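Asker:
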Amino acid sequence: MNKTARSILAGTAEGPILATTEPLSFWGGVDPASGKIIDVHHPLHGQSIKGVVLMMPSTRGSCTGSGVLLDLALNGMAPAALVFCQAEDVVTLGALIADKMFGKSLPVLRLAPEDWERLRKEEKAAITPTALTAPGLTLSLVQSKEAGLDLSATDQAMLAGEEGEVTKFAMEIICTMAANQGAERLIDVAQAHIDGCIYASPANLTFAEKMADMGARVRVPTTMNAISVDREHWQTQGVPAAFGRPAARLADAYVRMGCQNTFTCSPYLLETAPKQGERIAWAESNAVIYANTVLGARTAKHPDFLDLCIAIIGRAPLSGVYLDQHRFAERIIDVDVPVAFDDAFWPLIGYLAGKVSPDRIPLLRGLEEAKPTAENLKALCAAFGTTSAAPMLHVAGVTPEAHLVSPAADEARITKHDMADGWQLLNDGPDSVDLVAIGSPHASLEECRAFADALQGTKAVTTTIITAGRQVIASARGEGTLERLEASGVQVIPDLCWCSISEPVFPVEAKALMTNSGKYAHYGPGLSGRAVRFGSLVSCAQAAQTGRVAHGLPKWLEA
0 MNKTARSILA GTAEGPILAT TEPLSFWGGV DPASGKIIDV HHPLHGQSIK GVVLMMPSTR
60 GSCTGSGVLL DLALNGMAPA ALVFCQAEDV VTLGALIADK MFGKSLPVLR LAPEDWERLR
120 KEEKAAITPT ALTAPGLTLS LVQSKEAGLD LSATDQAMLA GEEGEVTKFA MEIICTMAAN
180 QGAERLIDVA QAHIDGCIYA SPANLTFAEK MADMGARVRV PTTMNAISVD REHWQTQGVP
240 AAFGRPAARL ADAYVRMGCQ NTFTCSPYLL ETAPKQGERI AWAESNAVIY ANTVLGARTA
300 KHPDFLDLCI AIIGRAPLSG VYLDQHRFAE RIIDVDVPVA FDDAFWPLIG YLAGKVSPDR
360 IPLLRGLEEA KPTAENLKAL CAAFGTTSAA PMLHVAGVTP EAHLVSPAAD EARITKHDMA
420 DGWQLLNDGP DSVDLVAIGS PHASLEECRA FADALQGTKA VTTTIITAGR QVIASARGEG
480 TLERLEASGV QVIPDLCWCS ISEPVFPVEA KALMTNSGKY AHYGPGLSGR AVRFGSLVSC
540 AQAAQTGRVA HGLPKWLEA
């Protein structure tokens with residue numbers, strides 16, 4: 000029998016095979032300038048993806064991976080082809096934009112798991128629009144079809160160009176992605192959140208300014224993610240104009256298109272946070288997971304660039320977790336909760352849950368009596384998003400849809416031993432640190448208060464920076480919390496976040512840092528080139544006061 004595979008994006012390519020069974024976040028995991036894998040926790044760390052047939056089950060982590068893939072394509076550093084065995088949207092969207100907007104073709108295929116396993120054992124492969132061939136395998140390629148998409152009259156008019164070329168382009172992108180996702184129709188969304196405003200690469204600016212110059216305007220309320228500079232003050236912070244200007248231009252391009260200059264990666268802290276059951280279109284992985292998990296809103300993990308296209312149209316493909324049947328937990332994870340623990344427990348559990356459930360929605364059991372706060376769940380969701388591709392999780396007895404469990408769900412466990420191993424993985428740095436980094440994702444008002452309380456009015460001897468959204472900073476100023484933090488020598492910076500910060504706002508002299516973020520503990524070494532220590536908010540305050548971090552496991556993880 001002639002075996003087939005699905006061609007998501009057609010093209011011609013050949014090259015050596017580079018395969019991994021562990022998904023990778025392209026943002027924070029791949030250097031777009033060189034094509035090298037910089038995620039220090041990934042088994043392919045240090046290898047180049049330039050010109051290879053890159054095989055992985057899917058991607059994970061950041062929605063900004065689409066921008067990184069586009070930049071790789073424009074720089075001539077991209078893989079020759081991408082081959083998955085699971086659904087994948089993020090880098091697929093980047094490849095689609097590279098093709099449609101810039102004429103840079105990059106084949107994207109999805110194989111059946113057994114064929115994917117056979118192919119990854121080969122040394123090289125060649126791809127044409129009709130076939131994939133390797134020395135021991137030949138597969139005919141079947142194209143994704145948009146014919147089954149039931150478009151409304153308004154959708155069809157936009158697709159035909161009756162509302163202008165930029166609207167037509169946005170609708171074409173949405174329809175192609177809908178076909179990739181197997182969607183039968185589009186749905187209205189109440190709001191959007193743009194992730195592509197981070198200056199992760201020059202490609203992000205090229206795309207945004209091209210769309211703005213074509214006259215793009217969003218038609219639903221649209222908030223913006225953290226950007227890569229403090230928009231109002233970067234010139235006085237020593238940021239080189241070669242970086243500051245394009246980063247500011249990128250933010251301004253989205254504002255020109257009608258987006259709100261919220262500049263926060265924690266949009267669930269805004270007054271516009273969605274309600275349970277509300278259909279929205281958010282990018283930014285931590286925000287997507289929090290919205291689905293904690294708020295009970297509904298949004299796919301939309302890639303950068305698709306977020307803008309949906310905001311322009313006000314419609315999204317009806318697929319994935321927009322649908323009831325795709326919100327069920329498919330893995331039950333029992334957590335062995337220590338007798339006593341601090342707030343570092345929550346991001347650690349999120350990080351480990353993602354590793355245990357990298358490709359499906361889990362239900363976490365055993366946390367009911369721990370009574371997690373909104374801040375605890377925020378930290379858990381953000382860390383989960385670094386190690387899992389799933390757009391949500393459930394916490395039994397805590398989150399609103401925790402009753403949604405598939406009858407076929409399998410089971411796993413996170414033990415105290417697993418927690419100790421995870422702690423060591425995120426604590427590869429020395430006992431002496433030069434920087435304390437709070438606010439990944441952007442700190443809440445409660446986190447700012449708690450950190451000020453932990454400092455107890457003492458002066459920090461270590462450079463200490465909190466990144467937060469403008470609204471949170473305004474509230475902190477109004478109630479006196481900002482004054483308390485600044486009196487202790489803490490810098491509170493708006494707009495940018497730790498995932499987008501650059502030197503010299505990130506202190507050049509810092510060699511090692513301390514953070515309470517599981518997300519930044521994972522991405523920080525690759526993004527900053529610094530060693531990282533991870534711990535509780537109180538431990539971060541102690542590091543700020545002393546420049547030291549306790550060696551070994553915290554007491555609650557000791558045997």
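The sequence shown: position 25 = 24 (numbering that gives the first Met the number 0), numbered continuously. C-beta atoms are modelled at their ideal positions from N, C-alpha and C, and glycine is treated no differently. On a predicted model such as this, the values are computed, not experimentally measured, just so you know.
Quick check: the stretch 424–439 against the stretch 315–329, are at least 3 beta-carbon pairs closer than 8 Å?
Answerer: In short, these stretches do not touch, since the Cβ pair count stays below three.
Asker: Use the C-beta contact count for Ser-139: other C-beta atoms within 10 angstroms, 16 or more gives buried, fewer gives exposed.
Answerer: Under this definition Ser-139 is an exposed residue.
Asker: Quick one: is Leu-322 buried, meaning 16 or more other Cβ sit within 10 Å of its Cβ, or exposed?
Answerer: Leu-322 is exposed by the Cβ-count criterion.
Asker: Please report the residue range of the alpha helix (DSSP H) in which Phe-450 lies.
Answerer: Start and end: 444–454.
Asker: Can the beta-carbon of Gly-517 be found closer than 9 Å to that of Ala-378?
Answerer: Yes; because the gap between Cβ atoms is below 9 Å, this pair is in contact.
Asker: Suppose contacts are defined by Cβ-Cβ distances below 9 Å. Is Gly-27 in contact with Ser-61 by that definition?
Answerer: Going by C-beta atoms, Gly-27 is nearer than 9 Å to Ser-61.
Asker: Enumerate in chain order the residues of its own chain whose CB-to-CB distance from Asp-494 is below 6 Å, with the five nearest sequence positions on each side excluded.
Answerer: These residues qualify, in order along the chain: Ile-226, Asp-229, Arg-230, Phe-262.
Asker: On the criterion of 16 or more Cβ atoms from any shown chain inside 10 Å, does Ser-151 qualify as buried, or is it exposed?
Answerer: Ser-151 comes out exposed.
Asker: What residues in its chain sit with their C-beta under 7 Å from that of Thr-386, if we drop five residues either side in the sequence?
Answerer: Cβ within range, chain order: Arg-59, Tyr-350, Gly-353, Lys-354, Pro-357.
Asker: Is Ala-520 near Leu-425, with beta carbons less than 9 Å apart?
Answerer: Cβ atoms of Ala-520 and Leu-425: closer than 9 Å.
Asker: If you check the beta carbons only, do Arg-218 and Gly-313 fall under 9 Å apart?
Answerer: Yes. Within cutoff.
Asker: Nearest to Arg-359 by alpha carbon, out of Val-320, His-550, Cys-539, Asp-149?
Answerer: The residue with the shortest Cα to Cα distance from Arg-359 is Val-320.
Asker: Would you check if the stretch 331–349 and the stretch 198–206 touch, i.e. whether three or more CB-CB distances between them fall below 8 Å?
Answerer: The stretch 198–206 is not in contact with the stretch 331–349.
Asker: Could you tell me if Ala-560 is buried or exposed, where buried requires 16 or more neighbouring beta carbons within 10 angstroms of its beta carbon?
Answerer: This structure gives no information on residue 560, because the portion of the chain shown stretches from 0 to 558.
Asker: Which residues does DSSP pair with Asp-409 in a beta bridge?
Answerer: Paired residues: Arg-330.
Asker: From Asp-409, Ala-388, Thr-414, pick the residue whose C-alpha is nearest to that of Gly-365; which is it?
Answerer: Per the Cα distances, Thr-414.
Asker: Since Leu-148 and Leu-136 should fall inside the 8 Å C-beta cutoff, what is the C-beta to C-beta distance between them, to a whole number of angstroms?
Answerer: With a Cβ gap of about 32 Å, Leu-148 and Leu-136 do not count as contacting.
Asker: Could you tell me which of Met-213, Pro-429, Ala-240 sits nearest to Pro-503, measuring between CA atoms?
Answerer: Answer by Cα proximity: Ala-240.
Asker: Can you list, in chain order, the residues of its chain whose CB lies under 6 Å from that of Gln-490, leaving out five sequence neighbours each side?
Answerer: If we look at Gln-490 and ignore the five residues flanking it on each side, its Cβ neighbours are Ile-464.
Asker: Could you work out which residue in Val-51, Met-100, Leu-269 is closest to Gly-14 when comparing CA atoms only?
Answerer: That would be Val-51, whose Cα lies nearest to the Cα of Gly-14.
Asker: Using the Cα positions of Pro-266 and Glu-277, report the straight-line distance between them to the nearest angstrom.
Answerer: The alpha-carbon atoms of Pro-266 and Glu-277 are separated by roughly 15 Å.
Asker: Taking the alpha-carbon positions, what's the Ala-4 to Ile-193 distance?
Answerer: Roughly 33 Å separates the two Cα atoms.
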